[in-house]
Each structure stands twice: as C-alpha cells, then as structure tokens.
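S.K.: There's a structure below that I have some questions on.
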Amino acid sequence: MRQPVYLRTVQSLGRSSGEFDKIEISQLKSVDMASIACWLIDEDEPELVKTLVEAIRQHPCPSIYLRGVVLLTDKNINTDDLSQQCVDTCSNLQLFDKTIANELCSSFSSINEWIDKLPKATEFSDINISFKVLRFLVSRKAEMLPVMSAQVYCGYDYPLIAPMLETNDGTILEILDFLDERALLTPRFITKTHLCNNCNSAFLNFKEVCPHCRAEEIKAAELIHHFKCAYTGEFSDFTVNGKLQCPKCDMALHHIGVDYDKPSVVFRCAQCEHSFQEPEITSTCFSCRRSCKPEDQVSKTINAYSATAIGQNAAIFGLESLFTNILQNKLKLFSPEAFTDFLQIETARIARYKISNSSLLMMQFHDLEKLQIRLGRRAEEVFIELSAIFKSTLRQSDVISARNESIFFMVLTETALPEAQLVAQRLIDAITALFESNLDYSPAISTALKQINKELQVEALLEEFLEKNVH
Ligand SMILES: [Zn+2]
Ligand SMILES: [Zn+2]
Ligand SMILES: [Zn+2]
Numbered sequence: 104m105r106q107p108v109y110l111r112t113v114q115s116l117g118r119s120s121g122e123f124d125k126i127e128i129s130q131l132k133s134v135d136m137a138s139i140a141c142w143l144i145d146e147d148e149p150e151l152v153k154t155l156v157e158a159i160r161q162h163p164c165p166s167i168y169l170r171g172v173v174l175l176t177d178k179n180i181n182t183d184d185l186s187q188q189c190v191d192t193c194s195n196l197q198l199f200d201k202t203i204a205n206e207l208c209s210s211f212s213s214i215n216e217w218i219d220k221l222p223k224a225t226e227f228s229d230i231n232i233s234f235k236v237l238r239f240l241v242s243r244k245a246e247m248l249p250v251m252s253a254q255v256y257c258g259y260d261y262p263l264i265a266p267m268l269e270t271n272d273g274t275i276l277e278i279l280d281f282l283d284e285r286a287l288l289t290p291r292f293i294t295k296t297h298l299c300n301n302c303n304s305a306f307l308n309f310k311e312v313c314p315h316c317r318a319e320e321i322k323a324a325e326l327i328h329h330f331k332c333a334y335t336g337e338f339s340d341f342t343v344n345g346k347l348q349c350p351k352c353d354m355a356l357h358h359i360g361v362d363y364d365k366p367s368v369v370f371r372c373a374q375c376e377h378s379f380q381e382p383e384i385t386s387t388c389f390s391c392r393r394s395c396k397p398e399d400q401v402s403k404t405i406n407a408y409s410a411t412a413i414g415q416n417a418a419i420f421g422l423e424s425l426f427t428n429i430l431q432n433k434l435k436l437f438s439p440e441a442f443t444d445f446l447q448i449e450t451a452r453i454a455r456y457k458i459s460n461s462s463l464l465m466m467q468f469h470d471l472e473k474l475q476i477r478l479g480r481r482a483e484e485v486f487i488e489l490s491a492i493f494k495s496t497l498r499q500s501d502v503i504s505a506r507n508e509s510i511f512f513m514v515l516t517e518t519a520l521p522e523a524q525l526v527a528q529r530l531i532d533a534i535t536a537l538f539e540s541n542l543d544y545s546p547a548i549s550t551a552l553k554q555i556n557k558e559l560q561v562e563a564l565l566e567e568f569l570e571k572n573v574h
C-alpha cells in the first residue's frame, strides 16, 4: 500500500503532525521508494519549497524524481496560480486528513503505475537531464505549457520541469529543442520572443537612436501642414501665445482636419542636431549589455509540448537502448563480461584441439537512432523483426553480445572465415531488405570478421574497426 511521504528540509521541521512518514532531504537515499505515493511539502517559505522540490526532481532515481509533489498550504491557490507553481498540485493544510490523502493517492495512481513499468525504477540510473525531462513529460500524460516569467533568463518557464535543472539560464529551451528534433516531442505554437544573441536573455531594451550619430537622446516633434498656404513645419513654429498660427501666412489655425492636419512626426537629435523621419532601433541586453539591431537578436518560438508515440516508447526503454532491449528479450544476449569469458574459453579450446575454426563477427549500425525516429511508432515492431533475422541467421551455439547500443559482437562457433563471410552477408541482406521494405531506405552497416585464435586482440580490433568506419 502506497503512502504519501513528507519531505522536509533539515532546517525546518514543518508544522503539520500528520500520520505519514517524515523524512529529511539527507535521508532521500534510504527511503522505501516503491511505497511512495507522492511527496508532501508543508512549508510556507518559497525558498524552502524550491529547495525541496529541486531535491526531488534532481534526484537520479525514477521512483523519487517522477513522483507527484503536493504543497500543503494555508493560501487559496486557484488553477491559474497552480500553473505557475513547480508542484503538481496544492492541498489545503487545515483540511488535510486521511481522506484527502487517499484522494491524492488515487489522483497520482496513473503516474505511479507508469513508474512501476520502468526497468530499474528504483535505481539511481537517470543522469541524463533530457531523458529525465522526457520521462517526466510522458509520466504526466499532459501537454506541458510555457509560463511567462521574469524569474528566468529566457522569459518563459516550464515550472514543473524547471526544478530538474540546476540553473535557469535557458538550458530548458535547448533540452526541449533537442527532444523535439529527435521527434520525441510534438511542439504546439504558443508565442514567440526575442532572446539576446549572445547570452539568450529575454530582457532586452529596445531604443530609438539617431541614425547619424547613434545618440539615444532624440526628440520627436509633430509636423503641421497648413492647407491654405501649403506650409509645413514643426509644431513649435506654429505656437504663438498658446495658440496656433501659421508662421508663413500668419493666419490662425482652428480645426484639425478642416484648416490644417498633422501629416507626420520628425525627430531631432539632441547631440548632432540632425533631423530625420525614421529613427534607428537598437536593442541592448540587460544581462550582458551587448547592443545590436533587433533583427540580429534570436527570434525564438515558444511551444507547448507533448510526447510523441516514439517519445513514449523511448521514455520507458531509453532512446538508444530500444533495439538492445528487444534483442535482450528475443535472443539470449551475453553481457560484455560473459562474452569475453566465452571468447577466452573458445580460444583455448581451439588452440588445444586444433581441429575447429570459429569466427568473430563485429557489426555496427551507424544510424540506429535515425532509423528509430524515421520508423516512429513502428520502431518496436521493426526491431522485433530485426531480432528475428538475427535469430534465424545465427545458430543456437552462436553467441551474441551488445557492446553498446549499436555495436554487436558475435562468435560464430565451428564456422571458418569463408562460411562466416556468408553468414555476415546473409544478415546484411536480410536487414537491408527489412528496412528497404519498411522505409524505402537502406541503413549503413559495417562488419568485420576475424578468425578466433590466440593472436586475436578484441579491444585493438574494435578500435581499428571503429576508426575505419567513422561516419
Ligand atoms: Zn545625432
Ligand atoms: Zn499658412
Ligand atoms: Zn545578453
């Protein structure tokens, strides 16, 4: 049975004496992570709330940082205020009891069930911030909306994910762009803003300056056009004792639109006396103080984001490891250590009996990530077919291991180089056919084959292989 857990700072012991566990930040590591329903924060000081939420969201354990956070407060918080908050929801401190706690638990049950689906949910495994942001977005199953804020550098904030980052220097926009480029998120246009082209600050000062000497002190004057005599001059030329009188023909002016009009405005520079119709505009950054033309600043689109189907998939398995995970399930994939042990035994066996030949096959996919994005929601299905190809081409006695997400090592037992060459070719042909029929695109695959003997240096071979196949 999951229960809410109070999280508190060391400095403050909080006010409520609820019946739930209370832990301090320093104890986060020792909490029973599977039993947390949500985090309760019962602090008034915004700084303390921030410290606690950051401790939760910056934690590398999915069962800690993905949980719902509830702020217990005396204040009335409406939906609008809530969207500015870095917590999932707020609850009235005075009314908080077992019943409300149960309601909160069930409101977070879909998030908690999703967390349960994650492999290694209780390990301290998530160090990549982009991946954490993706997981967070997927776990909430809702669109993440930007909020205008003077508290952050880039002027727009995503308050729920902001506490995952240690700084508010605009990195959040870069992370969302990164996930968007990889088709893991779908953007929806909300607004746009100008950011400093040097430091990404949204706080820019737009000023009109003299186009001649660039002085900022310029004065605007209205022009007056007298219909009767066609004279046009500045407003000050027409004022005589508080009334308007034409300096050319001395007639009094009475009604705008009837005997005169104001066709435009002229500017005069207080420094160089230059007069002009169009001042130049310059923009100066409040943060780094650099000035440039407004059109040279960065024009940035601010979006709301939700996860794509491929993003939802990648949030569970990790973007790069989707294929490895499927292989792991469908084939018996040896760990790198077990593979090395096996290779040593095989080398010794061959040396001892001198009657058999085995081969080592290395295979690298150069753009697995790109393939996965192109495949979108079909990625999983196609990767399952891909692992079926491995399974049908290799024999039971062959051993396969993933070096990383895209490099695979295989020991083809009792297979001399010429036959191994055929096996490799059969694999490549089948894989290419699979991708061509699904994507109209052939993937870049490199292979290397070596006979297994005492001279075989796997690490040196891998080095050489990777060097040769840099893409
Ligand atoms: Zn000037
Ligand atoms: Zn006149
Ligand atoms: Zn700047």
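For the sequence shown, our numbering gives the first residue as 104, with consecutive numbering after it. Cβ atoms here follow ideal geometry from the backbone N, Cα and C, with glycine treated the same way.
Assign His358 to one of two classes, buried (16 or more other C-beta atoms within 10 Å of its C-beta) or exposed (fewer than that).
M.R.: Label assigned to His358: exposed.
S.K.: Per the contact definition of three or more C-beta pairs closer than 8 Å, is the stretch 393-406 in contact with the stretch 286-300?
M.R.: The stretch 286-300, when compared against the stretch 393-406, does touch it at the 8 Å Cβ threshold.
S.K.: Excluding five sequence neighbours on each side, which residues of the same chain lie with their C-beta closer than 6 Å to the C-beta of Thr294?
M.R.: The residues are Ile405.
S.K.: Assign Tyr109 to one of three DSSP states: helix, strand, or coil.
M.R.: Reduced to three states, the DSSP call for Tyr109 is strand.
S.K.: So the candidates are Val368, Ser233 and Glu558; which of them puts its Cα closest to the Cα of Ala454?
M.R.: Comparing Cα positions, the closest option is Glu558.
S.K.: Out of curiosity, what's the CA-to-CA distance linking Asp280 and Ala410?
M.R.: Asp280 and Ala410: Cα-Cα distance of roughly 13 Å.
S.K.: Can you grab the Cα-Cα spacing for the pair Ile531 / Arg481, in whole Å?
M.R.: The alpha-carbon atoms of Ile531 and Arg481 are separated by roughly 20 Å.
S.K.: Less than 7 Å separating the Cβ of Ala318 from some heavy atom of ligand 1?
M.R.: True, at least one ligand heavy atom lies under 7 Å from that Cβ.
S.K.: Quick check: the stretch 308-316 against the stretch 343-353, are at least 3 beta-carbon pairs closer than 8 Å?
M.R.: Contact fails: fewer than three Cβ-Cβ distances are below 8 Å.
S.K.: Is Met251 near ligand 2, with its Cβ less than 7 Å from a heavy atom?
M.R.: The answer is no for Met251.
S.K.: Say yes only if the C-beta of Ser540 is nearer than 7 Å to one or more non-hydrogen atoms of ligand 3, and no if none qualify.
M.R.: It does not: the Cβ of Ser540 is nowhere closer than 7 Å to a heavy atom of ligand 3.
S.K.: Assuming Ser504 is part of the alpha helix (DSSP H), what are its boundary residues?
M.R.: Premise fails: Ser504 lies in the beta strand (DSSP E), Val502 to Ala505, not in any alpha helix (DSSP H).
S.K.: Name the DSSP beta bridge partners of Pro439, please?
M.R.: In the DSSP output, where bridge partners are listed per residue, Pro439 has none listed.
S.K.: From this set, Ala563, Ala536, Glu566 and Leu520, which residue's C-alpha is nearest Leu552's C-alpha?
M.R.: Ranking the options by Cα distance to Leu552, first place goes to Leu520.
S.K.: According to DSSP, Gly171 sits in a beta bridge with which residue or residues?
M.R.: Note: Gly171 sits in a beta bridge opposite Cys141.
S.K.: When you get a sec, list the residues whose CB is within less than 6 Å of any heavy atom of ligand 3, chain order please.
M.R.: After applying the 6 Å Cβ criterion, the set is Cys299, Asn301, Cys302, Ser304, Cys388, Ser390, Cys391 and Arg393.
S.K.: With the cut-off set at 8 Å, would you say Leu436 and Ile492 are in Cβ contact?
M.R.: Contact: no.
S.K.: Using DSSP bridges, identify the partner residues of His329.
M.R.: Bridge partners of His329: Tyr363.
S.K.: Are the CB atoms of Met466 and Ile555 within a distance shorter than 8 Å?
M.R.: Not closer than 8 Å, so no.
S.K.: Is Leu196 closer than 8 Å to Val173 when the C-beta atoms are compared?
M.R.: No, Cβ-Cβ distance for Val173 and Leu196 is not below 8 Å.
S.K.: Say whether the stretch 182-197 touches the stretch 248-264, bearing in mind that this needs 3 or more beta-carbon pairs closer than 8 Å, one atom from each stretch.
M.R.: Yes, since at least three Cβ pairs between the stretch 182-197 and the stretch 248-264 fall closer than 8 Å, the two stretches touch.
S.K.: Quick one, are the C-beta atoms of Leu463 and Val514 less than 8 Å apart?
M.R.: Yes, they are a contact pair.
S.K.: Smallest Cα separation from Glu284: which of Arg392, Leu237 and Ala323?
M.R.: Out of Arg392, Leu237 and Ala323, Leu237 has the C-alpha closest to the C-alpha of Glu284.
S.K.: Would you say Pro546 and Phe468 are within 8 Å of each other, going by their C-beta atoms?
M.R.: In this structure, Phe468 lies closer than 8 Å to Pro546 by Cβ.
S.K.: Please report how far the alpha carbon of Ser252 lies from the alpha carbon of Ala265, in whole angstroms.
M.R.: So the two alpha carbons sit approximately 12 Å from each other.
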